[in-house]
Amino acid sequence: MKDFYLKLPQNRNEFVLFLLIVSIISVNIIAPIIGMLETGFTIQHYKQVLAVIPEMWLSIIIVVLLASKPASFLKESIVSEKDSFNTQITINILCNVLIVSAVMTMIGTWIGQQQLFILPLHTYFNNWPRNFAIAFVVEALIAQPIARQVLLYHHLKAIKN
């Protein structure tokens, strides 16, 4: 049996576990990097970013859940069933990050600044490619591989019992 299926959520509880792991890792890496690129790398700015991480995390969860169907549709239009597991996963991450980063570039600025204002519209096309790249690297190389290893371990443990 190929073990790649063991790295995927098999039910709702495992999906929730996967989402929690990925989102917690991502928000704690991506938000400080992007926030401090905007404001500067100081302890004071880092503390300001940490103060809004709970709001940012909740927003990310909501946006990820809302983006899952459009991202899945986009992924299915790009890959075929014959493509490898790694190709499927990479394109899935790419499609999800594309949509989530597009939305969070606006929402994240509003949360970080603690106000709704129009400036993110003016700087959107300058900031979004950078935000997308940071999010894609974190998702593809850190957050999702860790979450998939947790699921693999969970499934292997269940098989042994």
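Residues in the sequence shown are numbered consecutively from 1, following UniProt numbering. Built from N, CA and C at the ideal position, the CB exists for glycine as well. As the structure is a prediction and not an experimental result, all values here were calculated from the model.
For V79, does the three-state DSSP call read helix, strand or coil?
-> coil
I53 and I134: beta carbons closer than 8 Å?
-> no
Between F100 and I91, is the Cβ-Cβ spacing less than 8 Å?
-> The question names Phe, but residue 100 is Val in the sequence shown. Cβ distance not < 8 Å, so V100 and I91 don't count as in contact.
Check whether the stretch 114-128 touches the stretch 146-159, taking contact to mean three or more Cβ pairs, one atom from each stretch, closer than 8 Å.
-> no
Ends of the alpha helix (DSSP H) at G40?
-> Careful: G40 lies outside any alpha helix (DSSP H) and carries neither H nor E.
Secondary structure at N92, three-state DSSP: helix, strand or coil?
-> helix
Report the option in E38, V137, Y46 whose CA atom is closest to the CA atom of T123.
-> E38
Sequence-distant residues of the same chain with beta carbon closer than 6 Å to A71, five excluded per side | C95, N96, I99
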